[in-house]
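Worksheet for the structure shown next.
See below:
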């Protein structure tokens with residue numbers, strides 16, 4: 004359990020956390036690690052994931068989300084200023100009835116790197132998950148080149 008960092012030269016392992024933590028992602032600047040943590044510390048019924056950041060030395064633990072559903076599958080924007088993530092905070096919709104399975108992450112949201120300015124990007128009856136950032140080419144692409 005928990006997140007660890009290994010120094011590749013010395014092979015020393017530093018334990019950063021001891022919770023049910025997963026999906027670790029270094030920020031583009033390398034100053035923090037974002038991860039998802041199970042809210043209750045174990046897999047109790049009703050436990051949900053929230054998004055946190057921590058510095059590579061183990062200091063500065065910060066909770067970015069505190070929703071009623073799972074917040075995870077997050078990704079940094081290329082400049083490190085924003086975070087896109089999938090969430091079930093809006094509840095389950097029709098897809099769960101058709102597939103006989105719960106929708107773990109229903110909609111896509113974006114927020115600032117510090118957890119503020121949360122904005123919902125999608126709202127539909129099907130699951131939206133695994134958001135990703137895509138750069139825009141600086142010039143139009145042409146076939147055959």
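Residue numbers (the working numbering): 4 to 148. In this text, a Cβ means the ideal position worked out from N, Cα and C, and glycines have one as well.
For residue 28, list the residues DSSP reports as bridge partners.
37
Can you check which of these residues, 22, 27 and 61, is closest to residue 50 by C-alpha distance?
22
Range covered by the beta strand (DSSP E) that runs through residue 130:
Note, residue 130: premise wrong, no beta strand (DSSP E); not H, not E.
Assign residue 110 to buried or exposed, taking buried as 16 or more other Cβ atoms, counted over all protein chains shown, within 10 Å of its Cβ.
buried
If you follow the beta strand (DSSP E) that residue 56 is part of, which residue opens it and which one closes it?
52-57
Compute the Euclidean distance between the alpha carbons of residue 55 and residue 62, then round it to the nearest angstrom.
12 angstroms
Would you decide whether residue 72 is buried or exposed? Buried here means 16 or more other CB atoms lie within 10 Å of its CB.
buried
Can you give me the start and stop residues for the beta strand (DSSP E) that residue 77 sits inside?
74-79
Using DSSP's beta-bridge definition, name the partner residues of residue 87.
78 and 113
Return the chain-ordered list of same chain residues with a C-beta closer than 6 angstroms to the C-beta of residue 27, the five sequence neighbours on each side being excluded.
6, 36 and 38
Residue range of the beta strand (DSSP E) that includes residue 17:
16-18
Collapsed DSSP secondary structure at residue 123 in the structure displayed
strand
In the DSSP assignment, find the unbroken beta strand (DSSP E) run with residue 7 in it and report its ends.
7-9
Quick check: what's the CA-CA separation for residue 32 versus residue 146?
35 angstroms
Is residue 29 closer than 8 angstroms to residue 81 when the C-beta atoms are compared?
no
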